[in-house]
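Engineer: Below: one structure in structure tokens.
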Ligand code: ZN
């Protein structure tokens, strides 16, 4: 089974379309780690397209804020403005869909899905010290997480915790990580719609669990077209500009 793993799409339809087009016919089942909406200009369109993939989905913090499961009071001012705008745009059935999304961890076959940390869906896992608990406590040896918008992750074997950096080189579509037996993994596909690891290309992953390989993909998309829609919607300029740099 080859899983297409999407996270942090953030209402960026153009990036999502580019990602899906790049891997047509190369996956069997779609998984979505949350934050389909928030920040970007296309919340309904992004949700509609994700739903058409018939994925297993869990919720992210922006999904919760947009549909009123949580209020956006712990968001920074820019994220809050975007969350309020998103709520105002979402069609009723999409608000309902967001409200009904399950919280991670959710298990699909041999892998586990979370938005943030294994023990706390809202916690950021940036550093090895933050990853250790999840590596040890996850019900699966391979766990996918999102939330940080950094592609890569962590592995743990014996007493050895390693940071995995998997950004494909410019010009390459993906780089592959072999998943070793007896090693535990916490892997982040990166963000489709708002990368923050310095590479503006849309990030996602394909996990081939029969061959124990995860492909970390980067796909370029028309950033300027998305930025034009963001300016038209009067979304905060800082959110518009960060797409150029992937930071
Ligand atoms: Zn996010």
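Residue numbers (the numbering used here): -12 to 234. All residues carry an ideal CB built from backbone N, CA and C; glycine is no exception.
Let me check one thing: in DSSP terms, what residues is residue 238 bridge-paired to?
Structural biologist: Absent from the model: residue 238. The displayed extent of the chain is -12 to 234, so no value can be given.
Engineer: Measuring alpha carbon to alpha carbon, tell me which residue in 227, 195, 233, 223 is nearest residue 18.
Structural biologist: For the purposes of this step, residue 18 is identified with residue 31 of the chain shown, where counting begins at 1. Residue 18 has its Cα closest to that of 195, out of 227, 195, 233, 223.
Engineer: Return the first residue and the last residue of the beta strand (DSSP E) that residue 195 is part of.
Structural biologist: Residue numbering aside, residue 195 sits at position 208 when the chain shown is read from its first letter. 189 to 195 is the extent of the beta strand (DSSP E) around residue 195.
Engineer: Closer than 8 Å is the cut-off here; do at least three beta carbon pairs connect the stretch 92 to 102 with the stretch 57 to 71?
Structural biologist: The stretch 92 to 102 is not in contact with the stretch 57 to 71.
Engineer: In the DSSP assignment, find the unbroken beta strand (DSSP E) run with residue 142 in it and report its ends.
Structural biologist: One-based indexing of the chain shown puts residue 142 at position 155. Unbroken beta strand (DSSP E) run through residue 142: 139 to 144.
Engineer: Run through DSSP, which three-state label would residue 7 get?
Structural biologist: The count along the chain shown starts at 1 and reaches residue 7 at position 20. Looking at residue 7 - three-state DSSP - the assignment turns out to be helix.
Engineer: Given this structure, state the Cα-to-Cα distance separating residue 168 from residue 27, to the nearest angstrom.
Structural biologist: Along the chain shown, read from residue 1 onward, the residue named residue 168 stands at position 181. Along the chain shown, read from residue 1 onward, the residue named residue 27 stands at position 40. If I take the Cα positions, the gap works out to 39 Å.
Engineer: Find the nearest neighbour of residue 154 within the set 187, 91, -4, 118, judged by alpha-carbon distance.
Structural biologist: Residue mapping note: residue 154 aligns to position 167 of the chain shown, counting from 1. With distances taken between Cα atoms, residue 154 lies closest to 187.
Engineer: Sorry if obvious, but does the Cβ on residue 198 come closer than 7 Å to a heavy atom of ligand 1?
Structural biologist: Position 211 of the chain shown, counted from the first residue, corresponds to residue 198. No, the beta carbon of residue 198 sits no closer than 7 Å to any heavy atom of ligand 1.
Engineer: Just mark residue 237 as buried or exposed, buried being the case when its beta carbon has 16 or more other beta carbons within 10 Å.
Structural biologist: There is simply no residue 237 to check, as the chain begins at -12 and stops at 234 in what is shown.
Engineer: Which of the three DSSP states is assigned to residue 229 in this structure?
Structural biologist: On the chain shown, residue 229 is found 242 positions in, with the first residue counted as 1. Residue 229: helix per DSSP, three-state reduction.
Engineer: Would you call the stretch 31 to 38 in contact with the stretch 114 to 125, where contact means no fewer than 3 C-beta pairs closer than 8 Å?
Structural biologist: Too few Cβ pairs lie closer than 8 Å, so no.
Engineer: May I ask which residues mark the beginning and end of the alpha helix (DSSP H) holding residue 105?
Structural biologist: For the purposes of this step, residue 105 is taken as the residue at position 118 of the chain shown. Element bounds for residue 105: n/a, residue is neither H nor E.
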